[in-house]
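Line order of the protein sequences matches chains A and B.
First residue of the first sequence? That's 1 in our numbering, and the numbers climb one at a time after it.
First residue of the second sequence? That's 1001 in our numbering, and the numbers climb one at a time after it.
Just so it is clear, CB atoms sit at the ideal spot from N, CA and C, and this is done for glycine as well.
These figures come from a predicted structure and were not determined experimentally.
Number of protein chains: 2
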Amino acid sequence: MIETPYLLFLGDAPDQLAAKVARGIRDWRPDNCVGQFRLEGCKADVGLPDMTLADAKAAGAKTVVIGVANRGGVISQAWKRVLVEALEEGFDLASGLHNLLRDEEDLAAVARATGRSLHDVRIPSVKYPIANGEPRTGKRCLAVGTDCSVGKMYTSLAMDAEMKARGLKSSFRATGQTGILITGEGIPLDAVIADFMAGAVEWLTPDNDPDHWDMIEGQGSLFHVSYSGVTMALIHGGAPDALILSHEPTRSHMRGLPGYTLPSLETLRDTALPLARIANPKCEVVGISVNTAAMSEDEALSYIGETEKRMGLPTCDPFRQGAGKLCDALSSI
Amino acid sequence: MIETPYLLFLGDAPDQLAAKVARGIRDWRPDNCVGQFRLEGCKADVGLPDMTLADAKAAGAKTVVIGVANRGGVISQAWKRVLVEALEEGFDLASGLHNLLRDEEDLAAVARATGRSLHDVRIPSVKYPIANGEPRTGKRCLAVGTDCSVGKMYTSLAMDAEMKARGLKSSFRATGQTGILITGEGIPLDAVIADFMAGAVEWLTPDNDPDHWDMIEGQGSLFHVSYSGVTMALIHGGAPDALILSHEPTRSHMRGLPGYTLPSLETLRDTALPLARIANPKCEVVGISVNTAAMSEDEALSYIGETEKRMGLPTCDPFRQGAGKLCDALSSI
Chain A
1 MIETPYLLFL GDAPDQLAAK VARGIRDWRP DNCVGQFRLE GCKADVGLPD MTLADAKAAG
61 AKTVVIGVAN RGGVISQAWK RVLVEALEEG FDLASGLHNL LRDEEDLAAV ARATGRSLHD
121 VRIPSVKYPI ANGEPRTGKR CLAVGTDCSV GKMYTSLAMD AEMKARGLKS SFRATGQTGI
181 LITGEGIPLD AVIADFMAGA VEWLTPDNDP DHWDMIEGQG SLFHVSYSGV TMALIHGGAP
241 DALILSHEPT RSHMRGLPGY TLPSLETLRD TALPLARIAN PKCEVVGISV NTAAMSEDEA
301 LSYIGETEKR MGLPTCDPFR QGAGKLCDAL SSI
Chain B
1001 MIETPYLLFL GDAPDQLAAK VARGIRDWRP DNCVGQFRLE GCKADVGLPD MTLADAKAAG
1061 AKTVVIGVAN RGGVISQAWK RVLVEALEEG FDLASGLHNL LRDEEDLAAV ARATGRSLHD
1121 VRIPSVKYPI ANGEPRTGKR CLAVGTDCSV GKMYTSLAMD AEMKARGLKS SFRATGQTGI
1181 LITGEGIPLD AVIADFMAGA VEWLTPDNDP DHWDMIEGQG SLFHVSYSGV TMALIHGGAP
1241 DALILSHEPT RSHMRGLPGY TLPSLETLRD TALPLARIAN PKCEVVGISV NTAAMSEDEA
1301 LSYIGETEKR MGLPTCDPFR QGAGKLCDAL SSI
């Protein structure tokens, strides 16, 4: 568990996109952020107050989160100076970078000397059990996609936010690096050893109040041959009561697989639901989330309306329109 | 790759079952075995000549394979004396034990000093790629089960043996510890990091001659919630042209999951085939293997006959009857 609140380190991000992890944290957990730290030449801005380390300390920040992708997989000397100083001033560091903080000898040495923590969220920090498949109390919702990167995480985050706004019990359960940095905890499922994947998801979503919903972050797709095993483990470890089908309508082929077309929403439904019912016979498909980021307002509304009619399921773009419809659909489960 | 031929170390096995890895190697790769090594009190016998280390050396053995489960997860001092001497006499060691040879400081030190290899086949030794989903030349056959441990490995080994007996091109592709020790190579799929599972299976089954068959060792079951993600990765990474449905008719619930019943062969067929066709649209279910070890001859023949009629697919117990029928079925693919 990563201590909050955070100071978001944007470094020398060359553009807004490079700081999308920081943007995600700002969008979904604004109360966890006291400010942003930018180096000279930084072209990103997530709209938080610019702070020095001392400002952030005074504002109560506990952890400096690297909210930016590093160029060429190297943690530069310019970053290092700030990160070392942060450790010395009593901050922990958290990162989802491919190259690990713990593998940087200077950072590791300072962290040891100062007693601070380096959180590399790509690496599991828990010895997960093998899944036992036993029913748990409480309810669980999982977004499954026609492809990778179609908006499953944003769907679950938007549903969690809407449930909380309604005063209902809900937890977003992170299963990937960005999700973990947003919430401060979770499992890096893609880095878990094969035999323990489903057990890790069970561990993440334990017994809870009967009216509590876990909004489980989806990963991959049953139809994406590189990662379908990870998705399968989420479906069987999560044992969801409710599935949301997630889709991005403008994509011409599966992400990274030029030879593979996306399945229809009907095929996704008919594939995912029987598999989910192995672990939870009461599972239902309750709604559809469409990522319309690449569409105009008119196109988006038209696509959503047509899809809702065709599929007979509540359909929306939860980021563009809010997740009210999808949360309404949970009330019957 | 583990160097052959082997001397099979049976240690102080308390019964035949404890030496089932040695038995598997003897049954399926007799040409890889020069003899067996037994300590005083050993109750197992795989029917090979008893040899000292010196005998085995003279017979050309390169590797001492631990073909027995150790009691209580401890490599005993009695074993250690033999294993250290083996390293000193120039043998490599190979093991599928849960506790690793490399973690035994005395063995590791002697191996370093003598330049010998310690093969712990539970641990991946290769940095596998992420699956790219591209079609490969050659053909692939995968056994998928209604449950774990229903005879998938024996089915693939029996089919491989039958193909070779017919002079056809075939390779058994090991994906588990026993399979790797039997053949000397393969991937320990259950120990691979989630994101690389399907890529590991692609790596294991590369381009080959158009008339060559990879007989891929199956793992887990799509219906076993603890391990279904591993099975899914095998289906999409292996991209099989042919599926064999594997079943054990006397089992009352899924292995280790008392609350879960086994699916029917029809349900297995209707679940596995559409998933396999995502990666290989030409995939077909070609036959059924039944593990009848717990049935009398009459019961077995009757069950096999009824199943063949009901499912309309060639059906046999490949260990009891040979895999001829299943190999015949491949000829139309």
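Here M215/A is bridged, per DSSP, to C141/A, F172/A. Shown here, G1073/B sits in a helix according to DSSP, grouped into three states. Contact annotation for L1189/B against chain A: A194 [CB-CB distance below 8 Å, chain order].
The CB of Y6/A never comes closer than 7 Å to any CB in chain B; the least such distance is about 26 Å.
Shortest Cα-Cα distance from L1189/B to any of A1329/B, Y1128/B, V1021/B involves Y1128/B. With contacts defined as CB atoms closer than 8 Å, G259/A and E1134/B qualify as a contacting pair. Closest in C-alpha terms to H1236/B, from the list A1109/B, V1144/B, T1063/B, comes V1144/B. Counting C-beta pairs closer than 8 Å gives three or more between the stretch 1308 to 1328 of chain B and the stretch 1144 to 1163 of chain B, which meets the contact rule. Under DSSP, Y1006/B takes part in a beta bridge, and its partners are C1033/B, T1063/B. Listed by position along chain B, the residues whose Cβ is nearer than 9 Å to that of V230/A are A1194, D1195, M1197, G1229, M1232, A1233.
In chain order, A131, G133, A198, H236, G237, A239, I278, A279 make up the part of chain A whose C-beta sits under 8 Å from the C-beta of V1225/B. Rounded to whole angstroms, the gap between the alpha carbons of R136/A and C283/A is 13 Å. Nearest in C-alpha terms to G312/A, of all of I278/A, L265/A, R277/A, N280/A, is L265/A.
When Cβ-Cβ separations below 8 Å define contact, Y1303/B makes no contact with chain A. In the three-state reduction of the DSSP assignment, A1044/B falls in the coil class, being assigned neither a helical nor a strand state.
In the DSSP secondary-structure assignment, S95/A is bridged to D120/A. Taking 8 Å as the upper bound for CB-CB distance, D1147/B and M1232/B are not in contact here, some 16 Å apart.
The Cβ neighbour count for E1162/B, taken over all protein chains shown within 10 Å, is at least 16; the residue is labelled buried.
DSSP places L1245/B in no alpha helix (DSSP H) but in the uninterrupted beta strand (DSSP E) bounded by 1242 to 1247. If the five residues before and after A1323/B are omitted, its C-beta is found closer than 6 Å to the C-beta atoms of A1158, M1159, E1162, all from its own chain and listed in chain order.
C-alpha of T4/A to C-alpha of D211/A: approximately 27 Å in a straight line.
Using a Cβ-Cβ cut-off of 8 Å, L1245/B does not count as an interface residue toward chain A, since no Cβ of chain A sits closer than that to its own. At the C-beta level, A198/A and G1229/B come within 8 Å of one another. With distances taken between CA atoms, G1186/B lies nearest to P1206/B out of K1169/B, L1168/B, A1194/B, P1206/B. For the stretch 1244 to 1279 of chain B, the full-length alpha helix (DSSP H) segments reaching 4 residues or more read 1265 to 1279 along the chain. Nearest CB-CB separation between L100/A and chain B: not below the 8 Å threshold.
Pairing D214/A with R140/A gives a Cβ-Cβ distance under 8 Å. A Cβ of chain A is located within less than 8 Å of the beta carbon of G1259/B. Residue-level contact by beta carbon fails for P30/A and chain B, as no gap is shorter than 8 Å.
Contact between G138/A and D209/A holds: their C-beta atoms lie close to 6 Å from each other, under 8 Å. Along the stretch 184 to 229 of chain A, the beta strand (DSSP E) occurs as fully enclosed runs of 3 or more residues at 212 to 216, listed in sequence order.
For P1274/B, the neighbours in chain A by C-beta distance under 9 Å run, in chain order, T267, D270, T271. About 6 Å separates the beta carbons of T63/A and F91/A, which is inside the 8 Å limit, making them a contact pair. A distance below 8 Å separates the beta carbons of V1068/B and A1013/B. Straight-line spacing of the CA atoms in A109/A and L100/A works out to 14 Å.
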